[in-house]
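See structure below.
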Amino acid sequence: MFRSRLLDMFTRVHPAVVPIIYAPVLLWLLYRASDFGVLPVLALFAGGYALWTLFEYWGHRLVFHYEPDHPFGARLHWIIHGVHHDHPSDPLRLVLPPVASIPIMLIAYGALSLFFDGPVLAAVAAGFLAGYVLYDMTHYYLHHFTPRTRLGRALRARHMHHHFRDDRTAYGVSAPWWDAVFGTSVRKSR
């Protein structure tokens with residue numbers, strides 16, 4: 475991706491890095507939220523997860539599939555997501571590198587802190603972060619394994635359709651319901 479081996483190294487990541495980095499953070503957030511009580515934490519966690527799913531859908535649709543006119547913008551877009559569409563089987567380019575995911579998560583935490591604080595912030599942020607980890611692990615799984623469950627097969631079929639037939643559909647990798655809501659579901663051919 476880059477002429478510099480050092481820069482290129484930061485764009486490749488083993489999928490195990492995601493839970494290794496974020497599981498301790500997730501546990502810490504849940505610990506910080508624990509004073510609030512189990513049911514409120516579960517509800518706030520679910521709300522944070524729901525926010526993540528919207529972020530996933532709109533980020534994939536608007537950021538990852540934005541098509542800039544300027545050559546610099548086109549190169550930047552290719553670095554961010556185009557390389558993944560050009561090389562969908564590269565196992566080291568299927569999860570977001572920490573050099574990108576950490577700043578995104580810090581910005582998301584900062585944005586959430588504008589609306590929440592204390593244990594509420596921790597519970598919502600934990601749900602958001604868990605959604606991200608689930609998304610990245612689901613994305614890796616869909617590319618490198620053959621799902622055995624009906625849900626897994628459906629998610630894989632949708633994502634492969636997005637890659638190989640129509641990249642203007644199926645933006646919700648781990649949250650396909652937003653495609654139905656926003657009209658970007660895969661249409662069944664006759």
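Mapping of the sequence shown onto the working numbering: position 99 corresponds to residue 573, and the numbering continues sequentially without gaps. Built from N, CA and C at the ideal position, the CB exists for glycine as well. Every value quoted in this text rests on a predicted model; they were computed, and no experiment measured them.
Going by C-alpha to C-alpha distance, which of Asp-610, Arg-639, Lys-662 and Val-660 sits closest to Ile-495? Ile-495 has its Cα closest to that of Asp-610, out of Asp-610, Arg-639, Lys-662 and Val-660.
Just to confirm my understanding: we take Ala-633, look at its own chain, exclude 5 residues before and 5 after, and list those with CB closer than 7 Å. What are they? Position check: residue 633 holds His in this sequence, whereas Ala was assumed. Its chain contains Leu-616, Ala-644 and Val-647 as the residues whose beta carbon lies nearer than 7 Å to that of His-633, once the 5 sequence neighbours on both sides are disregarded; these appear in chain order.
Contact defined as beta carbons within less than 8 Å: I believe Pro-493 pairs with Val-607. What is the distance between those atoms, to the nearest angstrom? So it is a contact: roughly 6 Å between Cβ atoms.
At 4 residues or longer, what runs of the alpha helix (DSSP H) sit wholly inside the region 503 to 552? 512 to 532 and 545 to 551, all fully within the region 503 to 552.
Specify, as a first and last residue, the run of the alpha helix (DSSP H) that Pro-572 falls within. 572 to 587
Decide if Ala-604 is buried, meaning its Cβ has at least 16 other Cβ atoms within 10 Å, or exposed. Burial call: buried.
Give me the residue from Pro-593, Thr-620 and Arg-661 with the minimum Cα distance to Leu-513. Pro-593
Are Phe-538 and His-555 touching if we call contact CB-CB under 7 Å? yes
Count the other C-beta atoms from every protein chain shown that fall within 10 angstroms of the C-beta of Val-487, then say buried if there are 16 or more, exposed otherwise. Flag for Val-487 reads buried.
Should Leu-580 go down as buried or exposed, given a rule of 16 or more other Cβ atoms within 10 Å for buried? exposed
Taking its Cβ as the centre, do 16 or more other Cβ atoms sit within 10 Å of Phe-519, making it buried, or is it exposed? Counting C-beta atoms within 10 angstroms of its own C-beta, Phe-519 has 16 or more neighbours from the protein chains shown and is therefore classed as buried.
Applying the criterion that 16 or more other CB atoms from any shown protein chain within 10 Å of the CB defines a buried residue, is Arg-664 buried or exposed? Confidence is the limiting factor: at Arg-664 the pLDDT is only 46, short of 50, which leaves the residue's position unreliable, though a coordinate-based value still follows. Arg-664 is exposed by the Cβ-count criterion.
Please return the same chain residues whose Cβ sits closer than 7 Å to the Cβ of Tyr-583, not counting the five positions on each side in sequence. If we look at Tyr-583 and ignore the five residues flanking it on each side, its Cβ neighbours are Ala-599.
Inter-residue spacing [alpha-carbon to alpha-carbon] between Phe-546 and Phe-484: 20 Å
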